[in-house]
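To start, the structure under review is shown below, and the notes come after it.
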Amino acid sequence: MSNIIECQDLSYSYNDGKLETSVLKALNLSISPGESIAILGQSGCGKSTLLNLLGGMSQPSAGKVLLNNVDLAQLDEEHTTLLRAEHLGFVYQFHHLLKDFSALDNVAMPLLIRDNDKQSANKQASELLSNIGLQNKLNHRPSELSGGERQRVAIARALITNPSCLLADEPTGNLDAKNAADVLALMVELNQAQNSALVMVTHDQMIAQKMQRVLVLEDGRLNES
Ligand SMILES: Nc1ncnc2c1ncn2[C@@H]1O[C@H](COP(=O)(O)OP(=O)(O)OP(=O)(O)O)[C@@H](O)[C@H]1O
Ligand SMILES: [Mg+2]
């Protein structure tokens, strides 16, 4: 089976003009459909940098990222955006919801961007939010939701397009144990039900153990733990 994401000798350095910081060093990674992977590693080792490269949000210094067998470096920005919208969902550490929009509007947004009509987008968003216990919060803005509720909305927004791969950067990092467990269960459930790959950056060993593969990012490379 072909990989949904593949990194080939992926390197990345930050360069602020004077100082070059080499973060990823010829790293290789293959993610197959339906697979769940935890990425652990010390603060500052490059986990968020790696996730941004997997999602096509930044470009490698050397090596390649293939998304559904397409080399992202070969695409212009518009086509990268389209390919990303087709295949990926992204959940950030802090939810990044649009503060002036309701939960429903936030979740429906990716569908509207993909040219769905508003009525059908709202219907799908409302169903997904109801499935995750937020049927009474559809019209709440992010400021009117708890931290766990906001993160669930953010996950719904990432999943509404049925992405082949969900990239999550410490999605439970700022939640209490109960909400973290709920959010994790939701992602794992959807990973299994939709056979979408799940790549989760986390500091939490308990969460990591719930993934099929646990990788540790160290000295710019990934090692099986
Ligand atoms: N824009 C930038 N310019 C220069 N260096 C940067 C920049 N962004 C990040 N870095 C450095 O790159 C390294 C990797 O950062 P990254 O954010 O990927 O770490 P991380 O593993 O996600 O850490 P954390 O667990 O704290 O979120 C760090 O040493 C960081 O200081
Ligand atoms: Mg990070």
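The sequence shown begins at 1 in full-length UniProt numbering and counts up by one. From the three backbone atoms N, C-alpha and C, an ideal C-beta is built for every residue, glycine too.
Leu27 is the residue among Leu27, Asn69 and Arg150 whose C-alpha sits nearest the C-alpha of Thr49.
For ligand 1, no non-hydrogen atom lies closer than 7 Å to the CB of Thr172.
Counting the other CB atoms within 10 Å of its CB gives Gly41 a total of 16 or more, which places it among the buried residues.
Sequence-distant Cβ neighbours of Leu215 in its own chain, meaning closer than 8 Å and more than five residues away, are Leu29, Ile37, Ala38, Ile39, Leu40, Leu222, Asn223, Glu224 and Ser225. Between the alpha carbons of Glu144 and Ala158 lies a gap of roughly 20 Å. In the displayed model, Ile160 falls within coil according to three-state DSSP, outside both helix and strand.
The beta-bridge partner set that DSSP reports for Ser11 consists of Ala62.
In the displayed model, Thr81 falls within a helix according to three-state DSSP. Gly44 counts as exposed, since fewer than 16 other C-beta atoms from the protein chains shown sit within 10 angstroms of its C-beta. By the Cβ-count criterion, Met187 is buried, with 16 or more other Cβ atoms from all chains shown falling within 10 Å of its own Cβ.
If one requires a minimum length of 4 residues, the alpha helix (DSSP H) runs lying completely within the segment 92 to 151 are 103 to 113 and 118 to 131, in chain order. Contact annotation: Ser22 and Gly220 have beta-carbon atoms nearer than 8 Å.
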